[in-house]
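> Under numbering that gives the first Met the number 0, read the sequence shown as residues 0 to 398, first letter to last.
Questions regarding the structure given below will be posed in turn.
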Amino acid sequence: MFQAFLIKYGEIGIKGKNRHLFEDALVRQIKYALKPVEGEFLISKEQGRIYIEASEGYDYDEALESLRHVFGIVGICPVALTEDEGFGKLAEDVVSYLAKRYPDKHMTFKVNTRRARKTYPMPSMEVNAALGEKILGAFPEMSVDVHNPDILVNVEIRGKIYIYSEIIPGPGGMPVGTNGKGMLLLSGGIDSPVAGYMIAKRGVKIDAVYFHAPPYTSERAKQKVVDLARIVATYTGPIYLKVVNFTDIQMYIYEKCPHDELTIIMRRYMMRIAEYFAKETESLGLITGESIGQVASQTMQSLASTDEVCTMPVYRPLIGFDKQEIVELSKKIGTFETSILPYEDCCTIFVAKHPVTKPNLKVIRRSETHLSEKIDEMVETAIQTAETIIVRGTEEGEA
Numbered sequence: 000m001f002q003a004f005l006i007k008y009g010e011i012g013i014k015g016k017n018r019h020l021f022e023d024a025l026v027r028q029i030k031y032a033l034k035p036v037e038g039e040f041l042i043s044k045e046q047g048r049i050y051i052e053a054s055e056g057y058d059y060d061e062a063l064e065s066l067r068h069v070f071g072i073v074g075i076c077p078v079a080l081t082e083d084e085g086f087g088k089l090a091e092d093v094v095s096y097l098a099k100r101y102p103d104k105h106m107t108f109k110v111n112t113r114r115a116r117k118t119y120p121m122p123s124m125e126v127n128a129a130l131g132e133k134i135l136g137a138f139p140e141m142s143v144d145v146h147n148p149d150i151l152v153n154v155e156i157r158g159k160i161y162i163y164s165e166i167i168p169g170p171g172g173m174p175v176g177t178n179g180k181g182m183l184l185l186s187g188g189i190d191s192p193v194a195g196y197m198i199a200k201r202g203v204k205i206d207a208v209y210f211h212a213p214p215y216t217s218e219r220a221k222q223k224v225v226d227l228a229r230i231v232a233t234y235t236g237p238i239y240l241k242v243v244n245f246t247d248i249q250m251y252i253y254e255k256c257p258h259d260e261l262t263i264i265m266r267r268y269m270m271r272i273a274e275y276f277a278k279e280t281e282s283l284g285l286i287t288g289e290s291i292g293q294v295a296s297q298t299m300q301s302l303a304s305t306d307e308v309c310t311m312p313v314y315r316p317l318i319g320f321d322k323q324e325i326v327e328l329s330k331k332i333g334t335f336e337t338s339i340l341p342y343e344d345c346c347t348i349f350v351a352k353h354p355v356t357k358p359n360l361k362v363i364r365r366s367e368t369h370l371s372e373k374i375d376e377m378v379e380t381a382i383q384t385a386e387t388i389i390v391r392g393t394e395e396g397e398a
């Protein structure tokens with residue numbers, strides 16, 4: 000029934016002279032999203048619209064689901080196409096569309112025609128009235144409501160004529176890649192995948208780093224993080240995931256530093272290593288899933304202590320969210336069920352019973368001097384032995 004999709008976008012429309020750059024980025028993301036879908040798709044831009052025409056036999060459900068993961072799209076309109084063979088053919092196709100699309104005709108409607116092709120012989124208002132008359136003739140149980148109709152029958156007259164009445168919400172935001180690149184500190188918890196989703200929604204291309212601590216964390220814990228990255232990658236495109244063996248560093252900190260400071264000092268070394276990879280990949284900032292006061296390492300004082308080791312910005316899109324809001328977002332994007340699987344990551348294994356909640360930077364720096372004998376060499380080893388996994392929405396592979 001639907002031979003095409005009309006794609007609606009939001010913020011891109013107010014980008015002025017740069018709008019075409021954002022439109023082109025959105026088209027690239029759409030092409031990427033539709034690549035694994037059965038069928039062929041022709042994508043075109045026309046007067047503030049993006050159209051996707053599909054070949055016969057394409058997988059409608061799979062195409063729709065793929066489009067619902069493309070940032071920058073605010074609405075997806077499944078479209079019936081008709082050639083311009085006169086008003087009679089248009090009216091026939093509109094009536095046929097309604098007959099198939101709405102089995103129950105007890106509803107109100109309004110016709111809204113957009114005549115982008117000005118050579119069409121009838122003005123928009125005349126087309127509206129004439130189509131309304133044809134619809135009422137075919138379906139007497141329907142009635143017109145120009146103020147609050149149950150369905151809005153849209154007709155766009157261009158090179159071809161497009162008929163649609165449904166707008167399926169897209170994720171909104173900006174096309175990925177239009178706002179630089181960031182490095183996500185990804186764990187197996189609920190928060191960090193949501194943070195990655197939210198920053199990517201603003202057009203940021205993301206890569207990620209995960210800190211693994213075998214044998215204290217299992218291979219299944221690592222696979223859980225890869226699975227989370229794969230879900231996020233359905234929205235963001237491929238993610239280059241660095242897997243850092245953090246065991247020796249954690250054990251050394253555990254041995255040399257006060258236990259109430261373990262989490263803060265470990266986080267500081269995670270940030271140092273993550274920043275190394277961020278600079279290597281020309282990322283413009285680090286991204287974390289922290290929110291103020293959620294745990295001891297996320298008080299204002301603790302966040303200031305971890306930020307102190309960074310020379311680039313740290314972005315925390317969840318900073319003002321409470322836990323339930325984050326949980327709801329994780330359910331919306333499909334990461335929640337994976338995040339709650341019982342495989343611990345390295346952060347939770349070495350948590351102190353009574354962690355410091357208001358760390359003093361001078362004290363933390365003094366404690367880190369106890370690590371001076373070996374820590375630089377350990378960090379270098381962790382960086383050099385890191386594994387790279389290219390994670391896509393459907394598969395992953397080592398690089």
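Think of the CB as a built atom: it goes at the ideal place given N, C-alpha and C, for glycine as much as any other residue.
Hey, how far is the Cα of residue 375 from the Cα of residue 73?
48 angstroms
> Take residue 259 and list the residues in its own chain whose beta-carbon comes closer than 7 angstroms to its own, dropping the five residues that flank it on each side.
351, 353, 354 and 355
> Within a Cβ cutoff of 7 angstroms, which residues of the same chain sit near residue 10, ignoring the five residues on either side of it in sequence?
173
> Reducing DSSP to helix, strand and coil, say where residue 226 ends up.
In this structure, DSSP gives residue 226 a helical state, which the three-state scheme calls helix.
> With burial defined as no fewer than 16 other Cβ atoms inside 10 Å of the residue's Cβ, what is the status of residue 300: buried or exposed?
Classified as exposed, residue 300 has fewer than 16 neighbouring CB atoms from the shown chains inside 10 Å of its CB.
> So, at 8 angstroms on beta carbons, what are the nonlocal neighbours of residue 133 in its own chain, with the 5 sequence-adjacent residues on each side left out?
90, 93 and 94
> Once you ignore the five residues that flank residue 58 on each side, which residues in its own chain have a CB closer than 7 angstroms to its CB?
Answer for residue 58: 36, 37 and 38, listed in chain order.
> Report yes if the CB atom of residue 343 is closer than 8 angstroms to the CB atom of residue 220, and no otherwise.
yes
> Out of 34, 218, 337 and 216, state which residue places its alpha-carbon closest to the alpha-carbon of residue 65.
34
> How is residue 119 classed by DSSP in three states: helix, strand or coil?
coil
> State the DSSP-derived secondary structure class of residue 204, mapped to helix, strand or coil.
strand
> Let me know the alpha helix (DSSP H) ranges lying completely inside the segment 55-97, each 4 residues or longer, listed in chain order.
59-66
> Would you kindly work out how many angstroms separate the C-alpha atoms of residue 47 and residue 170, rounded to a whole number?
Answer to the nearest angstrom: the Cα atoms are 19 angstroms apart.
> What residues match up with residue 181 in a beta bridge as DSSP calls it?
205
> Around the C-beta of residue 182, are 16 or more other C-beta atoms found within 10 angstroms, so that it is buried, or is it exposed?
So residue 182 counts as buried.
> Measuring only the C-alpha atoms, how far is residue 79 from residue 25?
23 angstroms
> Quick one, are the C-beta atoms of residue 152 and residue 164 less than 8 angstroms apart?
yes
> For residue 52 versus residue 115, is the C-beta distance shorter than 8 angstroms?
For residue 52 and residue 115, no; Cβs fall outside 8 angstroms.
> On the criterion of 16 or more Cβ atoms from any shown chain inside 10 Å, does residue 329 qualify as buried, or is it exposed?
buried
> Helix, strand or coil: which one does DSSP assign to residue 138?
coil
> Name the DSSP bridge partner or partners of residue 168?
In the DSSP output, where bridge partners are listed per residue, residue 168 has 74.
> Ordered along the chain, which non-local residues of its own chain (more than five positions away) have a Cβ less than 6 angstroms from that of residue 204?
175, 176 and 180
> Smallest Cα separation from residue 332: which of 75, 194 and 256?
For residue 332, the closest alpha carbon among the candidates 75, 194 and 256 is that of 194.
> Restricting to Cα atoms, I'd like to know which of 245, 291 and 98 is closest to residue 139.
98
> DSSP three-state label for residue 53, please.
strand
> Between residue 386 and residue 110, what straight-line distance do the alpha-carbon atoms span, to the nearest angstrom?
57 angstroms
> Would you decide whether residue 190 is buried or exposed? Buried here means 16 or more other CB atoms lie within 10 Å of its CB.
buried
> With H, G and I counted as helix, E and B as strand and the rest as coil, what does DSSP make of residue 40?
strand
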